[in-house]
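Those sequence lines, one after another, are chains A and B. In case it helps, our numbering puts the first sequence at residues 67 to 196. In case it helps, our numbering puts the second sequence at residues 67 to 196. Please read the structure below before turning to the comments.
Protein chains: 2
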Amino acid sequence: MNRIETEHRDLFAIADLAKEFGITARAIRFYESKGLITPERVGATRVFRRRDRARLMLILRGKRLGFSLKDIAEYLSLYDAQSQHAQVNLLLAKVETRLARLERQQADLATTIAELREIRRLATDRLEPR
Amino acid sequence: MNRIETEHRDLFAIADLAKEFGITARAIRFYESKGLITPERVGATRVFRRRDRARLMLILRGKRLGFSLKDIAEYLSLYDAQSQHAQVNLLLAKVETRLARLERQQADLATTIAELREIRRLATDRLEPR
DNA sequence: TACCAAGTTGACGTATAGGTAAACTTGACG
DNA sequence: CGTCAAGTTTACCTATACGTCAACTTGGTA
Chain A
67 MNRIETEHRD
77 LFAIADLAKE
87 FGITARAIRF
97 YESKGLITPE
107 RVGATRVFRR
117 RDRARLMLIL
127 RGKRLGFSLK
137 DIAEYLSLYD
147 AQSQHAQVNL
157 LLAKVETRLA
167 RLERQQADLA
177 TTIAELREIR
187 RLATDRLEPR
Chain B
67 MNRIETEHRD
77 LFAIADLAKE
87 FGITARAIRF
97 YESKGLITPE
107 RVGATRVFRR
117 RDRARLMLIL
127 RGKRLGFSLK
137 DIAEYLSLYD
147 AQSQHAQVNL
157 LLAKVETRLA
167 RLERQQADLA
177 TTIAELREIR
187 RLATDRLEPR
């Protein structure tokens, strides 16, 4: 299966997604048990569509950013609420909260990256004096 | 105790730092048990210097960035190794690894913040049409 | 038809990061 | 001297995020 085929496909098995994202099938089932994704079933077998795949990407990105699955569930609901209707004010409040945290994180990141680059510079200088 | 006093002081009790950083004394003791900080003792009582306070700041920043305490321990060792001497190449490898992760995180962050701002815009529009 | 690969559920185990409670010590103060 | 605040250790408890295993079903293939 090549990239083009993957992009065109509409149905995925649990192993397809596990392989594509480098996680285990067990993890995907776990996310479903927490309500983060809701694949269809054909008999007992899970069948994933592109929507589930997209959600999975959002989940993994959230994890890379250090969010708990609970946080991520709420985050995903922001996307859902949007297309539905929801209590817009509540939605906005949550978005603001999350944005505030992320912006602080962004500042932390910049500082840390700068410090690490400085450490790298000092270490490199020691390797190549002059 | 005002800011100036705090800045000038050289010795801190565990409660001082806990209060200043909004964490519990238990958490600080836990970090010590993991070797992240090594306060002096006067009898059984821990006495913290500015160095410990600075490390605590690095620890908390690391946590905000989603690192495990183990990661953070290694991260702190980068600072130590620098002033000492260490195996510079190994140090550099670790710095590169960490930088790579942080830079990916930075990209994730930018994407996520943009998406949340878009969601906020859509929600705001719904509140104030026209 | 016999069997393998892939899927499923459920139970149990593990690592991380502390919180909570008990029981004790110590220094300062009225 | 009594006691109160603040500190200490030890032990046990909790939540999160899966991994591992057992036991079973099912669809396709030799």
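Glycine included, C-beta positions come from ideal geometry on N, C-alpha and C.
Please list the partners that residue i has in chain B, where partner means a Cβ-to-Cβ separation under 8 Å.
i	result
A:Ala-189	Gln-148, Val-154, Leu-157, Leu-158 and Val-161
Shorter than 9 Å from the beta carbon of residue i to some beta carbon of chain A?
i	result
B:Thr-111	no
B:Glu-98	no
In whole angstroms, what separates the C-alpha of residue i from that of residue j?
i	j	result
A:Asp-118	A:Glu-106	10 Å
A:Gly-132	B:Gly-128	11 Å
B:Ala-166	A:Met-123	20 Å
B:Val-113	A:Leu-182	29 Å
A:Gly-101	A:Arg-121	11 Å
A:Ala-139	B:Leu-83	34 Å
A:Leu-188	A:Thr-90	40 Å
B:Val-161	B:Tyr-97	22 Å
B:Thr-111	B:Arg-95	11 Å
B:Ala-176	B:Leu-142	26 Å
B:Arg-116	B:Thr-163	29 Å
A:Lys-85	A:Arg-130	18 Å
B:Leu-77	A:Ala-147	51 Å
Identify the contact partners of residue i in chain B, using a Cβ-Cβ distance below 7 Å as the criterion.
i	result
A:Asp-174	Arg-127, Arg-130 and Leu-131
Under 8 Å between beta-carbons, which chain A residues line up against residue i? List them in chain order, please.
i	result
B:Leu-144	Leu-182 and Ile-185
B:Glu-194	The premise fails here: B:Glu-194 is roughly 10 Å from chain A at the closest Cβ pair, so nothing lies under 8 Å.
B:Leu-165	Ile-179, Leu-182, Arg-183 and Arg-186
Chain A partners of residue i, CB-CB under 7 Å?
i	result
B:Thr-178	Arg-127, Leu-131 and Leu-168
So that I know if they touch, is there some Cβ in chain B lying closer than 9 Å to that of residue i?
i	result
A:Glu-71	Low per-residue confidence applies at A:Glu-71: pLDDT is 48, beneath 50, and the placement is therefore not dependable, though the value from the model is reported in the following sentence. Chain B contact via Cβ: absent.
Of the residues that make up the segment 127-141 of chain B, which ones have a beta carbon closer than 7 Å to any beta carbon in chain A?
Arg-127, Arg-130, Leu-131 and Gly-132
Of the residues that make up the segment 76-93 of chain B, which ones have a beta carbon closer than 9 Å to any beta carbon in chain A?
none
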